[in-house]
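Only one structure is covered here, and it is reproduced in the block below.
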């Protein structure tokens, strides 16, 4: 089968088209013929070699953990899926390929109403958003500040929080201000418009940093009240303790099940309570993957970049 991967770390141009063996479904898994794949910031970090010490991998490396496609093979112990089902899946890696084999617990049926592009962008961002909000444990009456609110993860956190009746202050690029307002953000703040002093008057009980690569970590401490909570998806600020802020770095645990999060998000979508923004759709080929990684490194894209 064809796959898009790399045999050395570097810029987006290190990608090459690879010919790899077609995988097979395990007895508790399924084999999916991929229709579209979502590109994540993590994929760019993987390609650049930034994650090699944390997650050492052998070449060739094929990134990708957000896919949508049709099941073409079902393991002998799988009961809830059949050949022909169109599903959203969250494999550990290897999504930039024609076929992906993954355990069935990483899979949920795609809502019929959901487009392929939307579905391809849901898994990683949606699962992260779902559990980040659980960790934050924001209560009604508290202010929630979201850094990177217009990004794929941040935008879903916004909607999940609003569904729970939480007041949300969203921080993003000014060009995405209308988008954030449409999502229901109570107060939109633009980091590129020099209104830091204004936001300091309206601090959050909880801050969730969903900015690209945690680039807002140190600045984010200015947005949280003394005694408040700061949840980061990546890097923690160094001086949280001296500012009397409880800093928590989100880490996946065994209790955080993909199927639970994806099932909840799919139901929310069916109820017309979840918008999924696609920033760009590129071709599922070498030119497309290089272009996608060039785009994602701009770090101010609202929504998901998809290969289809």
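Residue numbers (full-length UniProt numbering): 1 to 308.
Just so it is clear, CB atoms sit at the ideal spot from N, CA and C, and this is done for glycine as well.
What number of angstroms, rounded off, separates the C-alpha of residue 93 from the C-alpha of residue 41? What you label residue 93 is simply residue 93 of the chain shown in a count that begins at 1. What you label residue 41 is simply residue 41 of the chain shown in a count that begins at 1. Taking the straight line joining both Cα atoms gives about 14 Å.
Rounded separation between residue 101 and residue 91 - CA only: Within the chain shown, residue 101 is the residue found at index 101, counting from 1. Within the chain shown, residue 91 is the residue found at index 91, counting from 1. One C-alpha to the other measures close to 8 Å.
Close-in-space but distant-in-sequence residues of the same chain around residue 229 (CB under 6 Å, 5 per side omitted): Against the chain shown, residue 229 aligns to sequence position 229. Excluding sequence neighbours, residue 229 sits near 206 and 246.
Go through its chain and collect everything with a Cβ distance to residue 74's Cβ below 7 Å, but skip five positions before and after it. What you label residue 74 is simply residue 74 of the chain shown in a count that begins at 1. The answer, listed in chain order, is 25, 30, 81, 82 and 83.
Between the CA atoms of residue 244 and residue 371 - distance to the nearest angstrom: Residue 371 lies beyond the stretch modelled for the chain, which goes from 1 to 308, so this question has no answer here.
Please list the segments of the beta strand (DSSP E) lying wholly inside the stretch 238-277, counting only runs of 3 or more residues, in order along the chain. Those beta strand (DSSP E) runs which fall completely within the stretch 238-277 and span 3+ residues are 246-249.
Which residues does DSSP pair with residue 103 in a beta bridge? The residue labelled residue 103 in the question sits at position 103 within the chain shown. In the DSSP assignment, residue 103 is bridged to 29.
Are the CB atoms of residue 105 and residue 34 within a distance shorter than 8 Å? On the chain shown, position 34 is the one that residue 34 refers to. On the chain shown, position 105 is the one that residue 105 refers to. Contact flag unset, no.
Option in 125, 86 and 264 with minimal Cα separation from residue 64: Along the chain shown, one-based indexing puts residue 64 at 64. Selected option, being the one with the closest Cα: 125.
Do you know how far the Cα of residue 150 is from the Cα of residue 174? As a working mapping, residue 174 is identified with position 174 in the chain shown. As a working mapping, residue 150 is identified with position 150 in the chain shown. Cα-Cα distance, rounded: 10 Å.
Between the stretch 252-269 and the stretch 287-295, are three or more C-beta pairs nearer than 8 Å? no
Closer than 8 Å is the cut-off here; do at least three beta carbon pairs connect the stretch 119-137 with the stretch 153-164? The stretch 119-137 makes contact with the stretch 153-164; the number of CB pairs closer than 8 Å reaches 3 or more.
For residue 4 and residue 20, the rounded distance between their alpha carbons: Your numbering for residue 20 matches position 20 in the chain shown. Your numbering for residue 4 matches position 4 in the chain shown. Computed Cα separation, rounded: 10 Å.
Spatial neighbours of residue 273 within its chain, please: C-beta separation below 8 Å, excluding the five flanking residues on both sides. For the purposes of this step, residue 273 is identified with residue 273 of the chain shown, where counting begins at 1. Closer than 8 Å at the Cβ level, and outside the excluded window around residue 273, lie 159 and 163.
As assigned by DSSP and simplified to three states, the class of residue 85: For the purposes of this step, residue 85 is taken as the residue at position 85 of the chain shown. Three-state DSSP puts residue 85 in coil, outside helix and strand.
Cβ neighbours of residue 264 in the same chain (closer than 7 Å, five flanking residues each side left out): Position 264 of the chain shown, counted from the start, is the residue given in the question as residue 264. The beta carbon of residue 264 sits closer than 7 Å to the beta carbons of 130 from its chain, once the five residues preceding and following it are set aside; these are given in chain order.
Starting from the N-terminal side, write out each stretch of the beta strand (DSSP E) that is 3 residues or longer and does not extend beyond the stretch 30-79. 67-74
Classify residue 182 as buried or exposed, calling it buried when 16 or more other Cβ atoms lie within 10 Å of its own Cβ. Within the chain shown, the letter at position 182 stands for residue 182. Looking at its Cβ environment, which holds fewer than 16 other Cβ atoms inside 10 Å, residue 182 is exposed.
Taking just the CA atoms, how far does residue 153 sit from residue 168? Counting from one through the chain shown, the residue named residue 168 turns up at place 168. Counting from one through the chain shown, the residue named residue 153 turns up at place 153. For residue 168 and residue 153, the distance between alpha carbons rounds to 15 Å.
Classify residue 14 as helix, strand or coil using the three-state DSSP reduction. In the chain shown, the residue the question calls residue 14 occupies position 14. Helix at residue 14.
Of the listed residues 308, 95, 254 and 11, nearest to residue 280 (C-alpha basis): Position 280 of the chain shown, counted from the start, is the residue given in the question as residue 280. Ranking the options by Cα distance to residue 280, first place goes to 308.
Return the CA-CA distance between residue 190 and residue 171, expressed in angstroms with no decimal places. Start at 1 with the first residue of the chain shown, and residue 190 comes out as number 190. Start at 1 with the first residue of the chain shown, and residue 171 comes out as number 171. Taking the Cα positions, residue 190 is about 6 Å away from residue 171.
What residues in its chain sit with their C-beta under 6 Å from that of residue 314, if we drop five residues either side in the sequence? The question about residue 314 has no answer, for the chain in this structure spans 1 to 308.
Measuring alpha carbon to alpha carbon, tell me which residue in 232, 262 and 259 is nearest residue 249. Counted from its first residue, the chain shown places residue 249 at position 249. That would be 232, whose Cα lies nearest to the Cα of residue 249.
Enumerate in chain order the residues of its own chain whose CB-to-CB distance from residue 161 is below 7 Å, with the five nearest sequence positions on each side excluded. As a first step, residue 161 must be located in the chain shown, where it is residue number 161. Excluding sequence neighbours, residue 161 sits near 133, 138, 144 and 168.
To the nearest angstrom, how far is the alpha carbon of residue 185 from that of residue 305? The residue you call residue 185 lines up with position 185 of the chain shown. The residue you call residue 305 lines up with position 305 of the chain shown. Distance between the alpha carbons of residue 185 and residue 305: 23 Å.
Rounded C-alpha distance that separates residue 251 from residue 135: Position 251 of the chain shown, counting from 1, holds the residue named residue 251. Position 135 of the chain shown, counting from 1, holds the residue named residue 135. Residue 251 and residue 135: Cα-Cα distance of roughly 10 Å.
Beta-carbon proximity check, residue 87 vs residue 108, cutoff 8 Å: Along the chain shown, read from residue 1 onward, the residue named residue 87 stands at position 87. Along the chain shown, read from residue 1 onward, the residue named residue 108 stands at position 108. Going by C-beta atoms, residue 87 is nearer than 8 Å to residue 108.
With DSSP collapsed to three states, give me the class of residue 149. Position 149 of the chain shown, counting from 1, holds the residue named residue 149. In this structure, residue 149 counts as coil in the three-state DSSP scheme.
Cβ-Cβ distance between residue 67 and residue 89 below 8 Å: Translated into positions along the chain shown, residue 67 becomes position 67. Translated into positions along the chain shown, residue 89 becomes position 89. A contact, by the Cβ cut-off of 8 Å.
Alpha carbon to alpha carbon, what distance is there between residue 48 and residue 277? Translated into positions along the chain shown, residue 277 becomes position 277. Translated into positions along the chain shown, residue 48 becomes position 48. Spanning the two alpha carbons is a distance of roughly 26 Å.
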